[in-house]
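Notes for the one structure printed next.
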Amino acid sequence: MSNKDKAGVLQGTLDLMVLQTLATLGPQHGYAIAARLEQVSGGALQLNMGTLYPALMRLEQRGLLRGEWGVTDNSRKARFYAITAAGRRQLGAEKAEWDRMADIMRTLLHEQG
Amino acid sequence: MATMREWLRRLSGTIRRDRADQDLEEELRLHVELLAEAAQRQGHSPEAAARRARLQAGGTAQAMESMRDQRGLPWLEDLGRDAQLGLRMMRRNPLFSAVAILSLALGIGANTAIFSLVNPLMLRALPVREPAQLVELLSKFPGEPRNNAFRWNVYEHFRDHNHVFSDLIGLLPRRAEVSGDALAAETVSAEYATGNFFPALGLEPALGRLIRAEDDQLNADVVAVVSWSYWQNRFNHHPGIVGRRIVVDGAPATIVGVAPRAFRSVLFGSRPDVWLPAAVGRRNDSRFALGVVGRLKPGVSIEQARAEMRVLDRWRIEEAAKTAPFLRQLTIELEPAGAGLSLLRDYYGRPLLALMAIVALLLLIACTNVAGMLLARGAARQRELAVRVSLGAAGFRLMRQMLTESVLLAGLGGALGTALAYFGVDALVRIVMSGRGVVGLAGPLQQIEAHLDAEVLMFTAAVSLLAGILFGIAPAWHALRSAPAQSLRETGTAGDARSKRLFGRGLIVAQVAISLVLLSTAGVFISHLWNLRNVGLGFNRHGVLLVTLDPSRSGMAPERLFQPYQDLLSRLEAIPGVRAATLSGVTPIHGAGSARFVNVPGFQEPPMARQYTSLNWVAPRYFETFGTPLVAGRDFQFADQGQARVAIVNQSMARYYFGDGNAVGRQFTLDGQDRAYEVIGVVGDAKYLDLHNAAPRTVYLNAFQESRMFSHRFSIRTDTAPSAVAGDVQRTVAEVMPAMAITRVTTLADQVDASIVPERLVAMLSMLFGSLGAVLVGIGLYGLLAYTVSRRTNEIGIRIALGATRHDMIKMVLAGAAGLVAAGLIVGAPFAWWGRQLASRWVVNLPIDNPWPIAFGAIAMMVVGLAAAYLPARHAARVAPAEALRHL
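Next comes the structure, spelled out in structure tokens:
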């Protein structure tokens, strides 16, 4: 149960991070996405597989990503995820929403502080 | 939108497994490998790197599980697993499963079959605008069936003076002869419709236009609208049908359009091919009458409309009472007509609702029965369930598993029941159609459309699901409550909780009680039917063959039929096995008759009390043929022909007009005639039009004294089965009058039965369902007793070892069964009593004072109980003490 709750809190944020990563870097496999997020967060964000892959699957089911098997630079078989047009639209909308929310939170926390 | 797509993908993922487990595993393996390589690059040893990678990635198994959940719909997959397990459990107990499924199939099938008749007749709305606003007008005379038939001037009066209907429409079903270019002349089903008919119903043409107000004028050109199916069958959907000239009943008409496809008729069971303006009917028939339907104005209730129409109706009653004062007893009634007009509802509505209640109770017995069996089996499965609980199965999951099993049973029962109903519905429709039809507007009833359509199947599915939950919930709850530790410790044979045993017995008691209600209700309907068929008929319905002749195309004038008919009668009486032969204008319970006012010199009566007297024109030996006793005077003779006019009256007529004095020798005239008839005989009262009304005052006249012969119904009293002489009779008719057509051959018993189809249907089906219920109770009781005896084998062995006789053991088991049945009877008796009151309110003239139906039900249940106890009792008596004690 508690596992699910954590995933729930993270879910929207994680979706946004994954979409943004794929929008900037182009098609990536799961490990590359995780590594990129870890790198960007300075090691603060270490995703385990149980969080990352179901999220990728969900985004794919929603038609925001498209997953295809391909080959990595050193000739390994991997599943690459690419953002779709619907995914870009979603990303745009969520980005705006996120900024709005962040502004509100900042203002609120500032006043309270 | 995206979420919706996700769910669709997940649903298809459940069914298709679009990404296999292998595929997912491969993706995860790569992730771990890449992590390990990264760690190695940071200088870790391969082993340490692999360990770090596994730690950071998290468990592969958990990730797989989350992905599987995300891939499909986990609850759906669980359901599939539960269903598979349920099917396995069923296969393991084939006898139990077969009995349970069959019980449920009978219950659900019966409900499906009855509902498939109730739905079109009472529930399904007409495919017209706002069908709920439609009401039908019905004229009612005390003691007679209601009728939706109003003369044109009455319709006009209602239409122009009411304030409650936004539209008042009229229609009349008729047969019409249609011909035209490239159209073979044929008789089709037609309907006269008033000019506002189609607009008021909000119907749009499929092609061309529909009948409009200006078409319904006496001087307008005749237009015709055809049905979609007629357009399809006769014109192959050719759009050129609009403007086609046809000939309807000898008059030219122009087809102007096609009615919408979904619309058949507002008249239930009718499928007209052609609609014509009502003006056509008015031109041809001065007594033109039509069925009237109103659309309530928004906000007007049916009660308000009733009140207003009662006031408006005074005009009609006064008009009618000018010629027949007793018609002041006429009233007008309004009924909802959103499901279409049907006098069938008056005849079948309540019987069908009674049957619906009966089959619901039957299903309840079946459910209770299966619940009892599941409960007993639950005891056997307790150890399995306890093990599963100990191994960590959540109580909720177990309960769901049990419910899935019971719903699965119900589903299979429902599927089999639907198959049973498929044949049942056909039989039901055949029975209903075998009736003589209803009088009045009903017109030609073509076909009752009762199918196992989508609505019925949805009903069946809902009933099955409900049944599955109903009988599954108690056993599931019991299974859940069984404490795992205790069950595992005990040996299983003694693991029954006391409450569960009581519950099992309670189920049997409930079944006996419901069954008593069913059987006693069936008993009421059967005794009602018996009374209708046998009490106060005034004639003997057995052993009479009825043959109707039609001389219209024989070339024989009615004035010249006397001698051939007399010859035919004597030839018929010469046929071996024939005791008497006669002819008459009306035969008993045919449903059609003739009536007049009678004037008796010196007899005074208040105008309101003046009523029609039924008439029949008969030949000599009529009363002998029908077994109606001649109480005084003499029968008619052929020799009366040309003599002074004579008549025979029944006892009611004699008592009413001639008091206690002898009617023989007295005289009367028929209203509107001045020639007098002399009464020469008095006969017993006999029912005339139908069985539900007492014998009316009746006058019999000699068919051979009229100027023309218009009685063509021959009746033959036989010593053997009447059908045995039918061939000889038809040959004899052909010999005497080769050109004569025979239009109908039947028996009096069949004619009587055709008039009471609703009563027969209810009696037959209630008995059938009552018997099925009793058999189910027997099976349930047998199951419980067999289980109890097997559980008590040890105890019985000890008792026998201690000196109890086998006789004592038999007595013990039988007494147990009798106790359960008796408890059920005590519980059921008040309900049976109440059910009988209900039934008597629904069906007139029910013999409610008769205690026999309940006694019959009680005795039948006792017999069933003892029969069910027989095998277990014998089993108990055969327990070998040594064998039983070894198992202790």
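If you're matching them up, the sequences are chains S and Y in order. For the first sequence, position 46 matches number 46 in our numbering, and the numbering has no gaps at all. Our numbering runs 1000 ahead of the 1-based position in the second sequence. We put the CB at the ideal spot given by N, CA and C, even for glycine. Every value quoted in this text rests on a predicted model; they were computed, and no experiment measured them.
Cross-chain neighbours of leucine 1035(Y) in chain S, by beta carbon under 8 Å: Tyr31
Residues sharing a beta bridge with phenylalanine 1165(Y), DSSP: Leu1296(Y)
Same chain only: Cβ atoms within 6 Å of arginine 1316(Y), ignoring 5 sequence neighbours per side: Val1154
Proximal chain B residues relative to glutamine 39(S), where beta-carbon distance stays under 9 Å: As a matter of chain content, chain B is missing from the structure shown, whose protein chains are S and Y.
Helix, strand or coil at proline 1277(Y) [DSSP, three-state]: strand
DSSP state of asparagine 1702(Y) mapped onto helix, strand, coil: strand
Contained beta strand (DSSP E) runs [length at least 3] in the segment 1167-1238 of chain Y, N- to C-terminal order: 1183-1193, 1223-1226
Alpha helix (DSSP H) segment containing proline 1074(Y), residue limits: 1074-1092
Proximity test, Cβ basis, 7 Å: glycine 1043(Y) and chain S: no
Within chain Y, partners of proline 54(S) - CB distance below 8 Å: Ala1063, Ser1066, Met1067, Asp1069, Gln1070
Helix, strand or coil at serine 1594(Y) according to DSSP, with G and I counted as helix: strand
Own chain partners of alanine 1057(Y) with C-beta closer than 7 Å, once the 5 adjacent residues on each side are dropped: His1031, Val1032, Leu1035
Neighbour list for arginine 1005(Y) in chain S, Cβ cutoff strictly below 8 Å: Gln61, Arg62, Gly63
C-beta contact flag for threonine 1669(Y) and glycine 1538(Y) at 7 Å: no
Valine 1456(Y), DSSP secondary structure in three states: helix
Inter-residue CB distance, phenylalanine 1326(Y) and methionine 1608(Y) (contact presumed, cutoff 8 Å): 6 Å
Identified DSSP bridge partners for arginine 1889(Y): Any question about residue 1889(Y) goes unanswered here, given that chain Y covers just 1001 to 1888.
Contact list for glutamine 46(S) against chain Y, beta-carbon separation under 9 Å: Gln1056
Contacts of arginine 79(S) in chain Y (Cβ-Cβ under 9 Å): Asp1023, Glu1026, Glu1027, Leu1030
CB contact flag (arginine 1571(Y), threonine 1720(Y), <7 Å): no
Cβ of arginine 1209(Y) within 7 Å of any chain S Cβ: no
Under 7 Å by beta carbon: chain Y residues contacting methionine 57(S): Met1067, Gln1070, Arg1071
Contact set between arginine 1010(Y) and chain S, taken where Cβ atoms lie within less than 7 Å: Gln61
Inter-stretch contact (C-beta, 8 Å, three-pair minimum) for the segment 74-83 of chain S and the segment 16-32 of chain S: yes
Residue-chain proximity (glycine 50(S), chain Y), Cβ-Cβ < 7 Å: yes
Glycine 1603(Y), buried or exposed, once every other Cβ within 10 Å from all chains shown has been counted against 16: Inspection of the sequence shows that residue 1603(Y) is occupied by phenylalanine rather than by glycine. Exposed: under 16 other Cβ atoms inside 10 Å.
Whole-number beta carbon distance between methionine 1373(Y) and alanine 1125(Y), since they are thought to touch under 8 Å: Contact doesn't hold; Cβ gap of about 41 Å is too wide.
Whole-angstrom C-beta distance between leucine 1583(Y) and alanine 1619(Y), which should lie under 8 Å: 5 Å
Best match in Ser1270(Y), Pro1199(Y), Glu1144(Y), Met1709(Y) for proximity to proline 1173(Y) [C-alpha to C-alpha]: Ser1270(Y)
For isoleucine 1648(Y): DSSP bridge partner residues: Gly1681(Y), Tyr1700(Y)
Residues near alanine 1877(Y) by beta carbon distance below 6 Å, same chain, minus five either side: Arg1806, Met1809, Ile1810
Backbone CA spacing between leucine 1452(Y) and histidine 1875(Y) [nearest angstrom]: 45 Å
C-beta contact flag for glycine 1828(Y) and alanine 1513(Y) at 7 Å: yes
Cα-Cα separation between valine 1046(Y) and leucine 1055(Y), rounded to whole angstroms: Per the sequence presented here, residue 1046(Y) reads as proline, with valine not at that position. In a straight line, the C-alpha of proline 1046(Y) is about 14 Å away from that of leucine 1055(Y).
Per-residue DSSP class, three states only, for leucine 19(S): helix
Cα-Cα separation, glutamate 94(S) to arginine 1081(Y): 39 Å
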